[in-house]
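Take a look at the structure below.
Residue numbers (my numbering): 3 to 163.
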């Protein structure tokens with residue numbers, strides 16, 4: 003085998019790697035941003051519905067917590083765009099990519115919490131609260147499996163040293 007055939011990884015500078023990683027990150031953020039913005043927009047309309055006044059106090063509290071979580075998730079997932087705008091051309095892209103990646107991870111966790119709280123609220127209203135703990139628990143386990151366990155397993159299994 004030649005050196006070219008056995009070589010692994012990319013032959014790129016730190017700046018080239020940052021450019022590539024930034025492009026990949028922004029594509030990922032676009033997907034998450036769209037979902038969180040639609041969910042957050044929907045949540046903002048709930049309080050203006052007639053049925054909102056009839057909700058129990060605990061459901062209103064769940065709603066407020068859900069809206070705050072949605073606002074926080076929206077902020078964290080839009081943060082990388084603002085970060086890029088404010089530091090563009092300042093020769094700090096590798097650092098900006100790391101910070102944007104952290105913001106995205108926080109945003110995804112907050113999105114998980116927002117979706118969980120939304121599911122709790124919707125199922126409480128739809129079913130009167132009966133049996134939702136198991137359903138919500140199973141959905142959260144599914145989110146954790148898809149968003150964290152499987153990617154971490156793949157990273158561990160397929161990362162070369």
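For each residue, glycine too, the CB sits at the ideal point set by N, CA and C.
For residue 88, the enclosing alpha helix (DSSP H) stretches over residues 59–89. In this structure the segment 83–95 does not lie against the segment 58–70, because fewer than three pairs of beta carbons, one per stretch, are closer than 8 Å. Annotated three-state conformation of residue 16 is helix, per DSSP.
Residue 103 sits in a helix when the DSSP states are folded into three classes. Comparing alpha carbon positions, the residue from 66, 93, 24 and 114 closest to residue 139 is 114. By the Cβ criterion, the segment 101–119 is in contact with the segment 142–155, since at least three pairs of Cβ atoms, one from each stretch, lie closer than 8 Å. Pairing residue 47 with residue 120 gives a Cβ-Cβ distance that is not under 8 Å.
Contact check for residue 38 and residue 76: beta-carbon distance about 5 Å, within the 8 Å limit, so the pair qualifies. In the three-state scheme derived from DSSP, where H, G and I count as helix and E and B as strand, residue 53 is classed as helix. Using a Cβ distance threshold of 8 Å, residue 41 and residue 81 do not count as a contacting pair.
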